[in-house]
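J.:
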Amino acid sequence: MSGIRSGGYEVAQIMGALYGDGFTALKGAFSRDWVQCLREDIDTLFAEAQRQPGGALPRGPSRFYVEIHPERLRGFADIITHPWVVAVCEAILGPDYRIVEAGFDVPGPGALHQPWHRDFASPEATLVGRRLNSLAFNITTVDVTEDMGPFEIAPGTQWDDLAGGHHMFPAQDLWPRYEARAQRKLAQMGDISARSALTIHRGTANRSDKSRPVFVLGVDAPDGTNADKHDLQVTRGYWDSLPEDVRRHLACRVVDRLEPIVQGHAIAGLLQGVGEPTMGGPG
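Numbering of the sequence shown is given in our numbering, commencing with residue 728 and proceeding in unit increments.
1. When burial is assigned at 16 or more other CB atoms within 10 Å of the CB, is GLN841 buried or exposed?
2. If you follow the beta strand (DSSP E) that TYR1012 is in, where does it begin and where does it stop?
3. In chain order, which alpha helix (DSSP H) runs of at least 4 residues are fully inside the region 871–917?
4. Could you check what DSSP says for LEU765 in three-state terms: helix, strand or coil?
5. Using 10 angstroms around the beta-carbon of LEU913, count the other beta-carbons present and answer buried if the total reaches 16, otherwise exposed.
6. Leaving out five residues on either side along the sequence, give the residues of the same chain with a beta carbon under 6 Å from the beta carbon of ALA744.
7. Taking 9 Å as the cut-off, decide whether the C-beta atoms of VAL871 and PHE878 are in contact.
8. Go to GLU798, then tell me how far its alpha helix (DSSP H) extends in each direction, as first and last residue.
9. With ILE806 and LEU859 assumed to form a contact (beta carbons below 8 Å), what rounded beta-carbon distance in angstroms separates them?
10. Going by the beta-carbon positions, is the gap between ILE919 and PHE757 smaller than 9 Å?
11. Is ASP832 near ARG799, with beta carbons less than 9 Å apart?
12. Taking 6 Å as the limit between beta carbons, can you name the residues of its chain near TYR746, skipping five residues before and five after?
13. Using only alpha-carbon positions, find the residue among ASP947, ASP936, PRO987 that is nearest to GLN960.
14. Return helix, strand or coil for PHE803, following the three-state DSSP convention.
15. Taking 9 Å as the cut-off, decide whether the C-beta atoms of PRO940 and ILE769 are in contact.
16. Below 8 Å, how does it come out for the region 767–784 and the region 962–980: are there three or more Cβ pairs, yes or no?
17. Taking the alpha-carbon positions, what's the ALA739 to LEU901 distance?
18. Checking 9 Å against the spacing of the C-beta atoms, do GLY1011 and ALA924 come in under that value?
Here it is as structure tokens:
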């Protein structure tokens, strides 16, 4: 990448945020009407997934993850071509980044605190090379309030080495470190965020009577391996409708007919949840 800007966004600011806090966001990236359409599509897909064996993966009490076919979202192309998304991917992952995951999380009423965790083991590129080779983007479909189980992140912990313990779940005696650093993210409809999935984080308890669905986009650098956990697939017609400069970033199967996705990225340590932020453990 040449120059100091990508798509009008400062590369230094993007890199500073993701290599520093491990989190950055753009307020008002999409209109509220656009987000309402996203919510409608997610609600439809969630209902379908709950009827399909293996379609909705439990991530704790009243909390689910669903991997989806991109073309089932009317706004998928809008997301992956948004100038900020492109700028962040290029700044952190390089020009040959690969989109490997499309899905959504649904923390429903009654969801408990999750134990502090990262989404997968830190790769050597990060632990040794001090380089991020994957990102997770999130788009909320609601205006998040304190009682809706906001996402919490412990800034700067993407570099923590959990060697000697569980590769995803810090030992409970380390939790005070994360409690002291915790930041709650009260995203609003239209906002989009990007983070390192290695940054220690958790979903908090949803004490409201509303669900908090959030779209998830996973992106890798060329040496990332997260595509192995997912089954991104598109039909030939949808593939042909996308510009070449978009297609080259999709790590997907091109199929004649969409096949049901059986969720494969189970995380046993998230199934139980914890009653209070400082209680329990990964299980």
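Quick reminder that beta carbons are idealized off the backbone N, C-alpha and C, glycines included.
T.: Straight from the coordinates:
1. buried
2. This structure leaves residue 1012 out entirely; the chain is present only between 728 and 1010.
3. 902–908
4. helix
5. exposed
6. THR751
7. yes
8. Unbroken run through GLU798: none, as it is neither H nor E.
9. Not really, about 20 Å apart at Cβ, beyond 8 Å.
10. yes
11. no
12. none
13. PRO987
14. helix
15. yes
16. no
17. 31 Å
18. Limits of the chain in this structure are 728 at one end and 1010 at the other, which puts residue 1011 out of reach.
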